[in-house]
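Enquirer: Sequence lines, in order, name chains A and B. First residue of the first sequence: 1, per UniProt numbering; consecutive thereafter. First residue of the second sequence: 1, per UniProt numbering; consecutive thereafter. Ideal Cβ positions, reconstructed from N, Cα and C, are used throughout, including at glycine.
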Amino acid sequence: AWLGVRLAISVSLLFTASAVFEDQVGKFDWRQQFIGKVRFALFDTHSQASKKLLVATDKNVFASLNSRTGDLFWRHLDKTGPEGHLDSLLMYGQDAVVVVGNGRLLRSWETTVGGLKWETVLDTGSFKAAALVGVQDLVKYVAVLKKTAISLHDLSSGGQIWVENLPDSDTVQYQTIYSEGNGLVFVLGLVPNSHVVIVEYKIEDGEIMNKKSIQAAWMSSLESSCAVISSGILLCVDQITQSLYTLPLQSVEQKEMKQIHLQTLDLEVASGFQPVLTSTQPNPAQPPLAEFFLQLNPDHHILLQLKDGLIAPLRDFNPSNLVAFATTGEKTVAAVMSPKNETACSINLFSADTGRRHLDTTIIYHLDPNVGKPNKLYVHAFLKKDDSVGYRVMVQSEDHTLTFLQQPGRVVWMREEALADVVTMEMVDLPLTGTQAELEGEFGKKAVVTDGLLPMVLKRLSSQFILLQAWLAHLWKLFYDARKPRSSVKNDEVTIENLSRDEFNLQKMMVMVTASGKLFGIDSKSGAILWRHYLENIQPNSGFKLMVQRSTAHFPHPPQCTLLIKDKDIGLASLHVFNPIFGKKSHSSVPALPRPILQTLLLPIIDQDYAKVLLLIDDQYKVTAFPSTKNILQQLQDTASSIYFYLVDSSQGKLSGFRLRKDLSTELIWEVVIPTEVQKIVAVKGKRGNEHVHSQGRVMGDRSVLYKYLNPNLLAVVTESTDTHQERSFVGIFLIDGVTGRIVHEAVQRKARGPVHFVHSENWVVYVYWNSKFRRNEFSVLELFEGAELYNSTVFSSLDRPRPPQVLQQSYIFPAGISTLEATLTEKGITSRHLLVGLPSGSILSLPKLFLDPRRPEVVSEQTREENLIPYAPEMPIRTEWFINYNQTVSRVRGIHTAPSGLESTCLVVAYGLDIYQTRVFPSKQFDVLKDDYDYVLISSVLFGLFFATMISKRLAEVKLLNRAWR
Amino acid sequence: NHCLRVWVVLLGLHVTISHEVTNDVTHEGDKDDVRSEDVKFQVLGRAVVPGVRTHDWISSARVLLDGDKHVGFLRSDGGFSVSDVPSGSYVLDISSPTYRFQPVRVDISSTGKIRARVLNYIKTSEVIQLPYPLQMRYAGPHSYFIQRETWGWSDFFMNPMVYMMVLPLLIIVLLPKVINPSDPEMQREVEQSMNMLNPNTELPDVSELMTKFFSPPKSQKKPGGGTRVPKGGGPGQKGGGPRRR
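#1: Start and end of the beta strand (DSSP E) containing residue 93 (chain B)?
#2: Can residue 56 (chain A) and residue 89 (chain A) be called in contact, C-beta distance under 9 Å?
#3: Among the candidates A:218, A:471, A:764 and A:874, whose CA atom is the shortest distance from the CA of residue 120 (chain B)?
#4: So, for residue 603 (chain A): in the same chain, excluding its five sequence neighbours on each side, which residues have a beta-carbon less than 6 Å away from its beta-carbon?
#5: Rounded to whole angstroms, what is the Cα-Cα separation between residue 778 (chain A) and residue 755 (chain A)?
#6: Have a look at residue 958 (chain A) and residue 952 (chain A) and give me their C-alpha separation to the nearest angstrom.
#7: Kindly indicate if chain A contains any beta-carbon less than 9 Å away from that of residue 98 (chain B).
#8: Between residue 897 (chain A) and the rest of its own chain, which residues show a CB-CB distance below 6 Å, the 5 nearest in sequence each way excluded?
#9: Taking a cut of 8 Å between CB atoms, which residues from the region 104-123 of chain A lie near chain B?
#10: Just to confirm the assignment: which complete beta strand (DSSP E) runs, minimum length 3, are found wholly within the region 513-574 of chain A?
#11: In whole angstroms, what separates the C-alpha of residue 229 (chain A) from that of residue 316 (chain A)?
#12: Along the chain, which unbroken stretches of the beta strand (DSSP E) at least 3 residues long are found entirely within the region 287-346 of chain A?
#13: Residue 191 (chain A): which of A:650, A:936 and A:175 sits nearest, CA to CA?
#14: Can you give me, in chain order, the residues of the region 882-911 of chain A that have a beta carbon less than 7 Å from any beta carbon in chain B?
#15: Looking only at C-alpha atoms, which of A:234, A:392, A:83 and A:643 sits nearest to residue 69 (chain B)?
#16: Mapping the DSSP letters down to three states, classify residue 858 (chain A) as helix, strand or coil.
#17: With a 10 Å radius around its C-beta and 16 neighbouring C-beta atoms as the bar for buried, classify residue 861 (chain A) as buried or exposed.
#18: I'd like the list of long-range same chain contacts for residue 950 (chain A), defined as Cβ closer than 7 Å, with 5 residues on each side in sequence excluded.
#19: Starting from residue 117 (chain B), find everything on chain A with Cβ-Cβ shorter than 7 Å and list it in chain order.
#20: Beta-carbon separation of residue 161 (chain B) and residue 94 (chain B) under 9 Å?
#21: At 8 Å on the CB atoms, spell out the chain B contacts of residue 776 (chain A), in chain order.
#22: For the beta strand (DSSP E) containing residue 968 (chain A), list its first residue and its last residue.
#23: Comparing the C-beta of residue 962 (chain A) with each C-beta of chain B, is any distance below 9 Å?
#24: Where does residue 122 (chain B) fall in DSSP's three states?
#25: Could you tell me which residues DSSP pairs with residue 685 (chain A) in its beta bridges?
#26: If you count every other CB in all the chains shown that lies within 10 Å of the CB of residue 52 (chain A), and 16 or more means buried, which is it?
#27: Mind checking which residues open and close the beta strand (DSSP E) that includes residue 671 (chain A)?
#28: With a threshold of 9 Å between beta-carbons, can residue 69 (chain A) be considered close to chain B, or not?
#29: Looking at the structure shown, is residue 876 (chain A) part of a helix, part of a strand, or coil, going by DSSP?
#30: For residue 945 (chain A), name the three-state secondary structure that DSSP assigns.
#31: For residue 675 (chain A), count neighbouring Cβ atoms within 10 angstroms of its own Cβ and tell me buried if that reaches 16, exposed if not.
#32: Give the straight-line distance between the Cα atoms of residue 725 (chain A) and residue 772 (chain A), rounded to the nearest whole angstrom.
#33: For residue 421 (chain A), does the count of other Cβ atoms within 10 angstroms reach 16, so buried, or fall short, so exposed?
#34: Thinking just about the alpha-carbon of each residue, which of A:165, A:133 and A:215 is nearest to the one in residue 185 (chain A)?
#35: With burial defined as no fewer than 16 other Cβ atoms inside 10 Å of the residue's Cβ, what is the status of residue 884 (chain A): buried or exposed?
#36: Helix or strand or just coil, what does DSSP make of residue 815 (chain A)?
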């Protein structure tokens, strides 16, 4: 029983280890929610006061934004991948209809609540188009066009009214639907370079009323070059014949499209440019307007009108980048963005029916080189009190940024949607003070060479004086702030100028690299974006690797980060060198990389400027050093014989180790081939370079020491079987020494499959796999020990290890899914480790490593109790108190970044996925600082009380003594 | 007829039925890999948080099948459907940042028969059937936070250490006032009770033993005792009291 109690106590102590107190909410943590690149955006025009903006994005997110603040009202995440792809977004009144998964599902949402209204499963077939269908001014149905069929659904219940197969669907490519509230639905199809097919369906029962084909040998695509305008007239444009073509959809007699040469309108489409037609249909139950935009070249639009069968230009917009229609009430307007000068664009409003410009409607949009070019315009028009049209615009840029503007150019809000896809990140220490950073220029490399001793001393003195000044100013500010009321102090903003390291180094600069090629510098304390840098011409599927070559510690040299950008298809790479605090591109010369880069290596060798050397190995096993000064090359020559690196070729299942030669060529040392017919290499991980291990061993119950096998060169290689049958599939793990190629250990998990998540740290590897027999996730931990004595306690050498390590392994059931896995990291490695597990629900679980200890005993004995080992239990506990992000869930968490802070007890954690969440964790509680709730009042009152009590009692004793003496 | 009815009732109660189903499940498991991708099914259910309007929580909730392999959303009546699910065995959970529901295992056979059972990760083949369409059991709000230890007077007084300190103090102060030590009868009584406490006079007293052991040089005894008193503060006095008596 006593054992039970002790266990209960130790376990309960564990339980409180990393929990959050309610009053800590928002104190040092923050979350930012994103949606991704917007594909569809609709303003709620149902009522004038509505603030809703509905968006559907490429991240399969459907959300409602507050158009006044840019905050989320609600957000729904569908399945990832093509099955959750949002094909179309339609909105009518309070309802929004979404087509999901290549036309697989049709969903209707109540936009005010964010709840589902109905959901219908559609027949298979690839999705082509969807449209709202109205009958007598009322929108009642939604039509969905698939490759081979069209179906009509009731808007209020989702019930299918009818579904009809399309005629000749094997030859005709049906592409669009059109209806105008006259009881008919038109389906437009095309046989490329031959003819257009128009099929008329009756809304009531889906009966084909009419079907005709029209010769159009010039046409290759309907969607991009055609539009329906003005009471059912199909309008097409062709670049080769330089003509517009019109055809009334319902006419029986007209058998050919009417050709109008653009020349007659004095227009010409730029050669090689696919002209675009933009029309608008404000109400799906009524015909579209007769006015439309024709884009003649990338920055030339023209507003045209079809009147009595004739097309006439209303207004020419040259130059103009973007155009959009918007409707409010009965009025339809067109917003046109045109370049104003190098740094700004102006947006103006024109009435659609006349092309006349509305007065005082200019919005200036400032072009930021770090935001990218605008590529889409969304307009929210509304009626002002005097019945004139007011508007706001949302501009979407190349880098997925959304900017919401109102007159005369005030940015109401901005969303950096590139952050929805963070690829990699680093946390960089802040400089000591902003003033120090300014001094950088004085101590440049050249200054050291040219100046003599005396000027250097003077410079040093002056810089010290400036530092002193800054310190005094800091003190003064502290004093000044202390007198001000608390609320006013809090909301002073963090800017690059007042950035400085705090006393415990808890505030850092988060350098985030996103898939769109935009880099961000974010203050870890507040989450404010301090700088952004847009790298143009980044291929969409590039790989990124971020390395900190020089930290902030080497004042006056600025910190330096290097980003390796690698094209995944051809493998060619380029380097982007920048200052992580200011985001500015560094002037240092970057080596040209003509060949694909296979591996990078950041060595602890430093040049005079304290920048670590980066080795880049290309596909001919040649090594390029960056920076490559004489000093560096000399050092590399001296240490070449002890520099090893490894390469992984997962397509051939080959791992190979190389050694550097003095002339920066390489030689092959070892090779391990894992046959690809049986299994494939999924991931290879070494240990983190900045990891410290405090204790060399573990003290056992009998006071002996079990020494850890701390091989810094150890690689963990995870393989998965190529056979995916659940009886024969397996997950393998190899521990390979990266220098010698020796396989230190090998483990196989049968009847298991990936995805495997794993952490390799200290002397252990923790990995998670799916047990396909029992259909559950399982954790397995491998720990390596040298045994009771160390072979060579002073230095570890892979080449001199006669005894293989002892390996212990244990597995546990994890009763939830897993998205990602990472371990906490602290400055000196004294604090106990926790595993941070990202769950599919968005929570981040902080799991004490104690639960993943292969020495957990099945039978409890005196010794195991002495060691504080928890008895083995097959199921891992999950407690909501261990969720470090409480209800601030991080959707689709893809990675967790951990970084040590200046405090040993504290580890900084950033979880990123669709959202970004930053917090601090204290795996062994805050043992090195006073707790937040430390009772200063109590301790000081006790002290004062004792002090006065001694004073009084002293006085009393004196009186008593005196009295006694008198007696 | 009557007999048959009894038999049916017995079967319904008995576990044998679940055994049959177990076999069925493993059979399904074997078929998992050959499951045809085009045959897909829909899982239906309902989740309600008692006392909370559905409008307040459904916009942040999702229905997850096996992590986020398949996703469903909640309607404003609390109902949900997860569409397009191929046959197999899944864990269905409702993920909400505020409310907790008990996850359920859902088995879909290749013919589209759907059955729900209690989730058990250890005995995966155990079958305790649940009604289908699913009725998700609400398990209370998530408790993310732990209480801060607050200091209060009650904690102070309920502390056994405080009792240990206060009671002897009371005895020292009050006892001399209650009983008159100069009364010879009382002295005798005290002596008797002392004898009762220490009946075996032959056994050496522990304290005496200790003093003997530690005090061969007699002069050092006093400073040794002296240092102990200020260290202990109050309790030192308490210790001194009985010894003096």
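Expert: On the basis of the coordinates in this document:
#1: 88-95
#2: yes
#3: A:874
#4: 613
#5: 11 Å
#6: 10 Å
#7: yes
#8: 425 and 910
#9: 104, 105, 107, 110, 113, 114, 115, 116, 117, 118, 119 and 121
#10: 518-523, 529-534, 542-550 and 560-567
#11: 19 Å
#12: 291-297, 300-307, 310-317, 322-328 and 331-339
#13: A:175
#14: 883, 886, 887 and 889
#15: A:83
#16: coil
#17: exposed
#18: none
#19: Chain A residues near residue 117 (chain B): none, gap ~12 Å exceeds 7 Å.
#20: no
#21: 121 and 124
#22: The structure shown does not extend to residue 968 (chain A), since chain A is modelled only from 1 through 967, so no value can be given for it.
#23: no
#24: coil
#25: A:716
#26: buried
#27: 666-673
#28: no
#29: coil
#30: helix
#31: exposed
#32: 9 Å
#33: buried
#34: A:133
#35: buried
#36: coil
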